[in-house]
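Protein chains in written order, with this note's numbering: chain A, 235 to 413; chain B, 24 to 127. Yeah, the Cβ is synthetic: ideal placement off N, Cα and C, and Gly gets one too. Here the structure is laid out as structure tokens; the discussion comes afterwards.
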């Protein structure tokens with residue numbers, strides 16, 4: 235077994251184990267920290283697959299952005315020392331059965347599908363090539379999705395502000411009733 | 024290549040996907056359900072990168088799909104957390120069972 239294989243199996247076990255802990259632990263803050271570890275190990279898998287750019291994006295966006303956002307919202311909405319209620323036994327049994335059956339079926343399909351061998355063509359994903367193709371307007375360029383997703387981000391940002399904004403007029407109307 | 028066949032990577036990402044599904048089925052707290060969705064999206068990203076690397080190494084399309092999925096996941100998480108915080112302000116609970124009036 236080469237070092238690359240050993241690293242891959244260690245990373246995979248870490249991703250899956252911390253993922254399982256993230257969805258089964260009953261303390262919500264611990265769940266978010268396990269999620270953080272799982273996302274970091276996925277970034278490690280990207281490094282292992284030679285896509286350093288995606289690994290960097292993964293660390294910046296997920297670890298630095300989404301998990302921090304989740305932790306903030308946990309502090310805003312939960313008493314973090316409290317344990318969450320246990321899931322109903324019947325429901326978790328059925329869920330576990332469905333999940334194991336689905337996993338077994340999908341693994342069976344993957345195992346039986348002989349993916350075309352690639353030979354040994356080199357894979358390179360340097361940032362310059364990614365940037366050039368991302369902003370190119372020729373046949374295989376991605377400039378249109380890039381612009382569309384930037385509009386979507388803008389709309390999501392405005393939407394978030396509007397949703398989370400305190401309704402000034404409604405609270406002004408409520409006050410006299412309470413007094 | 025590096026000695027790992029494509030199917031092993033696919034099985035890891037399948038495992039991650041079904042772990043996320045288990046979390047989505049059993050959790051009733053909206054923030055933890057959001058975490059399960061993040062796991063599912065990440066498993067899809069691993070698939071895209073693995074297919075790009077192993078089957079079409081001279082192209083970059085899997086990487087672009089991954090970048091766009093990460094972007095949309097970030098937007099989705101932000102909107103979901105805005106909704107959750109608004110719900111908490113009105114109901115003082117973010118349990119999915121307590122939000123029954125949003126059903127219809």
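Option in A:371, A:350, A:300, A:367 with minimal Cα separation from residue 130 of chain B: The structure shown does not extend to residue 130 of chain B, since chain B is modelled only from 24 through 127, so no value can be given for it.
Any C-beta of chain A under 9 Å from that of residue 130 of chain B: There is no way to answer for residue 130 of chain B, as the model of chain B reaches only from 24 to 127.
Helix, strand or coil: which one does DSSP assign to residue 99 of chain B? helix
Can you tell me whether residue 81 of chain B is helix, strand or coil according to DSSP? coil
Which residues does DSSP list as the beta-bridge partners of residue 52 of chain B? B:118
Give a yes or no on whether 9 Å exceeds the smallest Cβ distance from residue 297 of chain A to chain B. no
Quick check on DSSP: helix, strand or coil for residue 316 of chain A? coil
Quick check on residue 61 of chain B - is its C-beta less than 9 Å from some C-beta in chain A? yes
Could you tell me the distance, in whole angstroms, from the CA atom of residue 108 of chain B to the CA atom of residue 92 of chain B? 24 Å
Could you give the C-beta distance for residue 26 of chain B and residue 239 of chain A, rounded to a whole number, given that I count them as a contact under 8 Å? 5 Å
Need the endpoints of the alpha helix (DSSP H) that residue 384 of chain A sits in, please. 377-398
Range covered by the alpha helix (DSSP H) that runs through residue 331 of chain A: 323-346
Whole angstroms is fine: what's the gap from residue 373 of chain A's alpha carbon to residue 357 of chain A's? 21 Å
Spell out a yes or no on whether the region 244-258 of chain A and the region 53-68 of chain B are touching, meaning 3 or more CB-CB pairs, one atom from each, closer than 8 Å. yes
If residue 394 of chain A and residue 105 of chain B are in contact, beta carbons under 8 Å, what's the gap, nearest whole angstrom? 4 Å
What residues of chain B sit near residue 336 of chain A, judged by a beta carbon separation below 8 Å? 41, 44
The alpha helix (DSSP H) with residue 264 of chain A in it runs from where to where? 262-282
Roughly how far, in whole angstroms, is the beta-carbon of residue 110 of chain B from the beta-carbon of residue 349 of chain A, given that I think they are within contact range, below 8 Å? With 8 Å as the limit, residue 110 of chain B and residue 349 of chain A do not qualify as a contact, their Cβ atoms being about 44 Å apart.
Any chain B beta carbon closer than 9 Å to residue 369 of chain A: no
Can you have a look at residue 37 of chain B and say buried or exposed, based on whether 16 or more other CB atoms are within 10 angstroms of its CB? buried
Less than 9 Å between CB atoms is the rule here; does residue 81 of chain B satisfy it with respect to chain A? yes
Does any C-beta atom of chain B lie closer than 9 Å to the C-beta of residue 357 of chain A? yes
Assigned exposure category for residue 382 of chain A - 16 Cβ within 10 Å defines buried: exposed
Cutoff 8 Å; reference residue 317 of chain A; Cβ partners in own chain excluding five residues on either side: 260, 261
So with CB distances below 7 Å, who are the chain B contacts of residue 308 of chain A? 54
Start and end residues, alpha helix (DSSP H) containing residue 243 of chain A: 237-258
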